[in-house]
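Report on the structure given below.
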Amino acid sequence: GAGVSQTPSNKVTEKGKYVELRCDPISGHTALYWYRQSLGQGPEFLIYFQGTGAADDSGLPNDRFFAVRPEGSVSTLKIQRTERGDSAVYLCASSPRAREEQYFGPGTRLTVT
Amino acid sequence: AQSVTQLDSQVPVFEEAPVELRCNYSSSVSVYLFWYVQYPNQGLQLLLKYLSGSTLVKGINGFEAEFNKSQTSFHLRKPSVHISDTAEYFCAVSDSGGSNYKLTFGKGTLLTVNP
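Order-wise, the sequence lines are chains A and B.
Those letters in the first sequence? Residues 15 to 127, per this note's numbering, in order.
Those letters in the second sequence? Residues 130 to 244, per this note's numbering, in order.
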């Protein structure tokens with residue numbers, strides 16, 4: 015079956031611009047996670063959704079970052095006033111229920127120039 | 130909070146040779162441990178996990194890992210590697226309690242299998 019998909023696969027934006035990154039989880043998965051992977055680093059947790067609500071957003075680096083999941087399926091990670099330090103691969107994962115195995119998407123590579 | 134140290138950033142080996150990728154963790158609470166593999170342009174894929182029970186865990190593609198609580202290690206091994214095992218491998222940890230959805234990853238080890 016279809017895995018987790020993320021769009022776009024690559025995004026180049028200018029410093030100060032607003033970007034949205036989309037994640038389509040595996041159908042029926044109730045839990046969704048965002049991670050950020052900077053160059054040479056492992057993924058870092060950003061936020062976890064159970065259904066429509068953000069159950070844990072403790073990994074979001076600052077208030078320029080925000081994520082939504084309005085219908086409990088697709089999620090959008092939103093970054094305002096992008097900075098060069100935001101350049102990274104943003105990974106999305108989903109699991110059937112909370113605290114079960116996470117299935118990762120291929121990521122969106124964000125480059126801020 | 131937990132942390133993970135992958136001691137080797139790159140490991141080159143020849144095909145059919147054995148390999149060990151090292152992982153040490155730090156945590157003040159009981160943990161779950163994971164190994165993920167990332168092939169080029171693909172998402173992370175779970176190789177194996179330790180939740181409880183037997184300390185020797187077998188995973189997909191012939192990989193296994195051993196949980197050593199006294200040494201706080203979870204090294205990944207394969208007795209004979211193939212060219213197709215070339216990929217980046219990540220060790221990860223979570224607490225075994227209420228926040229066990231939050232994975233903390235190491236920096237990764239690039240395994241390159243040469244003919």
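Even glycine gets a Cβ: it sits at the ideal position worked out from N, Cα and C.
Taking Cβ positions only, does Y154/B come closer than 8 Å to chain A?
-> Not closer than 8 Å to any Cβ of chain A, the Cβ of Y154/B fails to qualify, so no.
Apart from the five residues on each side of it in sequence, which residues of its chain come closer than 8 Å, Cβ to Cβ, to E144/B?
-> V210, H211, I212, V242, N243 and P244
Residue-chain proximity (V18/A, chain B), Cβ-Cβ < 8 Å = yes
C-beta atoms of S132/B and S155/B nearer than 8 Å = yes
Less than 8 Å separating the beta-carbons of K29/A and R98/A?
-> yes
Where P75/A and A216/B are concerned, what is the direct C-alpha to C-alpha distance, given to the nearest angstrom?
-> 29 Å
Which residues, in chain order, does the stretch 206-235 of chain B contribute to contact with chain A at a C-beta distance below 8 Å?
-> Cβ contacts with chain A: F219, A221, S228, N229, Y230, K231, L232, T233, F234 and G235.
Under the rule that 16 or more other beta-carbon atoms within 10 Å means buried, what is R83/A, buried or exposed?
-> buried
Since V160/B sits in a beta bridge, which residues does DSSP pair it with?
-> D224/B
What are the boundary residues of the beta strand (DSSP E) that includes R98/A?
-> Element bounds for R98/A: n/a, residue is neither H nor E.
Drop a sphere of 10 angstroms on the beta-carbon of P39/A, count the other beta-carbons inside from all chains shown, and report buried for 16 or more, exposed for fewer.
-> buried
Best match in R123/A, R50/A, E115/A and K92/A for proximity to Q313/B [C-alpha to C-alpha] = Nothing about residue 313/B can be reported from this structure: the residues present for chain B run from 130 to 244 only.
Just the chain B side, please: which residues come within less than 7 Å of E115/A by C-beta, in chain order?
-> Near E115/A (Cβ distances below 7 Å), the residues of chain B are L175.
Considering only C-alpha positions, which residue in the set F203/B, S157/B, P169/B and Q171/B is nearest to L177/B?
-> F203/B
Listed by chain order, chain A residues near Q171/B by CB distance under 7 Å | Taking a Cβ-Cβ cut-off of 7 Å, the neighbours of Q171/B in chain A comprise P120, given in sequence order.
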